[in-house]
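One structure is given here, and the rest of the page talks about it.
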Amino acid sequence: MNLLFLPVAFLFGYLIRPKGIAVAIYIAVDALLFTVQSMMQLLLGISGRYGERNAYWINGAGDHFTFGWGGFVSYAVLNLVIVGIGIGLVLLGARIRARRDAKKTALPVG
228 MNLLFLPVAF LFGYLIRPKG IAVAIYIAVD ALLFTVQSMM QLLLGISGRY GERNAYWING
288 AGDHFTFGWG GFVSYAVLNL VIVGIGIGLV LLGARIRARR DAKKTALPVG
């Protein structure tokens, strides 16, 4: 879900004037999406819809689930990388907008 939101990050940087506000809005919206994504992963893991080898390693009895720290850490690191890419796209959008605005206001020399 966070990956699908990355193109919007560029638009936030391009369309929202102060970079800091654009980054804050991106982080706020992404936090909401991350919460929904995490809840969906948790519920799908508990329900066992993906069989024995899902993110939460449901045991065969189905009465409880075990949890691997390696899966948690990799999930957290991957999402931090995605958020970092998104912040980079926000800043790239702001930089492209600033260059475009500078070209509009530049006076010819000569």
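Per my numbering, the very first residue in the sequence shown carries number 228; after that it's consecutive.
Built from N, CA and C at the ideal position, the CB exists for glycine as well.
Since we're looking at a predicted model, the values are computed, not measured.
Three-state secondary structure (DSSP) of residue i
| i | result |
| --- | --- |
| residue 243 | coil |
| residue 235 | helix |
| residue 295 | coil |
| residue 334 | coil |
Nearest to residue i (by Cα), restricted to the options the options
| i | options | result |
| --- | --- | --- |
| residue 228 | 317, 316, 247 and 306 | 306 |
Assumed close pair residue i, residue j - CB separation to whole angstroms, cut-off 8 Å
| i | j | result |
| --- | --- | --- |
| residue 250 | residue 317 | 5 Å |
Inset, instruction - Examine the Cβ distances between the segment 317-333 and the segment 266-275 and report whether three or more of them are shorter than 8 Å. - result: no
Inset, instruction - Specify whether the segment 233-253 and the segment 305-315 touch according to this definition: at least 3 beta carbon pairs, one from each stretch, less than 8 Å apart. - result: yes
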